[in-house]
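Participant:
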Amino acid sequence: MKLHDCKMAPNPRRARIFLAEKGINVEKVEHSILAGETCGAAYLKINSWGTVPALELDDGTVIREAPAIFRYIEAEHPSPNLLGTNPKEAAEIESWERFAELQGMGAIGEFFRNQTEALAGRGLPGPSKLDLIPALVERGKTRAAWFYSQLDDQLGKTEYLGSKQYSVADITAQCAVDFGNAVSLGIPDNCKNVKRWHKAVSARASASA
Ligand SMILES: N[C@@H](CCC(=O)N[C@@H](CS)C(=O)NCC(=O)O)C(=O)O
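Per the numbering used here, the sequence shown starts with residue 240, numbered consecutively.
(1) Looking at the structure shown, is R361 part of a helix, part of a strand, or coil, going by DSSP?
(2) E315: beta carbon under 7 Å from a heavy atom of ligand 1?
(3) For ligand 1, is there a heavy atom less than 7 Å away from the beta-carbon of T355?
(4) Could you check what DSSP says for R303 in three-state terms: helix, strand or coil?
(5) What does a CB cutoff of less than 6 Å around L390 pick up in its chain, not counting 5 residues either side in sequence?
(6) Taking 7 Å as the cut-off, is the beta-carbon of V291 closer than that to any non-hydrogen atom of ligand 1?
(7) Just to confirm, does N420 get its C-beta within under 7 Å of one of the non-hydrogen atoms of ligand 1?
(8) Do A359 and L371 count as a contact pair if the criterion is CB distance below 8 Å?
(9) For D417 and I426, I'd like the C-alpha separation in whole angstroms.
(10) Considering only their Cβ atoms, is the gap separating N286 from V268 smaller than 8 Å?
(11) Assuming I332 and L341 make a contact with CB atoms under 8 Å, what is their CB distance in whole Å?
(12) Hey, could you find the ends of the beta strand (DSSP E) E295 is sitting in?
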């Protein structure tokens, strides 16, 4: 099994943290997004969507999309549980995990991508060849503020995002927040609950993955 990866990108980090939490070591194959390797012919043969992470199994199956990787690994290695232990908890975790990707990662990605010259002509991940849209920089910032406020409300009620236990919802939110930190969209000062939670998830050994 090997993980198609890009060390500086936030979505492959979701898979790396998940694997680290499970105590699973896999070979990592680095593909530089900024150098265009994920859109190059060699990588598109592995994953025609041109995205990372992708998990390649020993039989050649390629699993794309971080949540599909989570599901596969959790089924093969159930312990420690990261997707929820009963239907209600699993649903809560999945809703927050999706929110963290779509509203957190999505907003911060929109902010970052549309002002990054190195990504000109690559308006969306993968071989889209779409123009950047500068107006999405400001929109991404506004969306990110809403993401942080929703996170803060929830983390004022629960220790972790999706449930009482640490879960994949925390992993994706952590990757989104650290992406925000890296591109000057860090945790707003008034989001004390997000700060408390971020300190806790950052202290886990998996945070360095
Ligand atoms: N929904 C996908 C997101 C994957 C994604 O967008 N990955 C980014 C890196 S953070 C990527 O592959 N970018 C390639 C590009 O920008 O061309 C998942 O869950 O894996």
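Ideal Cβ positions, reconstructed from N, Cα and C, are used throughout, including at glycine.
Facilitator: Quick look at the numbers:
(1) Here the question's residue 361 lines up with position 122 in the sequence shown. Note: R361 maps to coil in three-state DSSP.
(2) Start at 1 with the first residue of the sequence shown, and residue 315 comes out as number 76. Flag unset: Cβ of E315 not near ligand 1.
(3) By one-based count along the sequence shown, residue 355 stands at place 116. No.
(4) Residue 303 sits at position 64 when you count from the first residue of the sequence shown. Strand, per DSSP.
(5) Working through the sequence shown from its first residue, we reach residue 390 at position 151. The residues are V433.
(6) Within the sequence shown, residue 291 is the residue found at index 52, counting from 1. Yes, Cβ of V291 sits closer than 7 Å to a heavy atom of ligand 1.
(7) In the sequence shown, residue 420 corresponds to position 181, counting from 1. No, the Cβ of N420 stays beyond 7 Å of every heavy atom of ligand 1.
(8) For the purposes of this step, residue 371 is identified with residue 132 of the sequence shown, where counting begins at 1. For the purposes of this step, residue 359 is identified with residue 120 of the sequence shown, where counting begins at 1. Yes, they are a contact pair.
(9) Stepping through the sequence shown from its first residue, residue 417 is reached at position 178. Stepping through the sequence shown from its first residue, residue 426 is reached at position 187. The alpha-carbon of D417 is positioned some 9 Å away from that of I426.
(10) Locating residue 268 in the sequence shown gives position 29, counting from the first residue. Locating residue 286 in the sequence shown gives position 47, counting from the first residue. Contact flag unset, no.
(11) Looking up residue 332 in the sequence shown gives position 93. Looking up residue 341 in the sequence shown gives position 102. Wrong, their Cβ atoms sit about 15 Å apart, outside the cutoff.
(12) Translated into the one-based positions of the sequence shown, residue 295 becomes position 56. Segment 293–295, the beta strand (DSSP E) holding E295.
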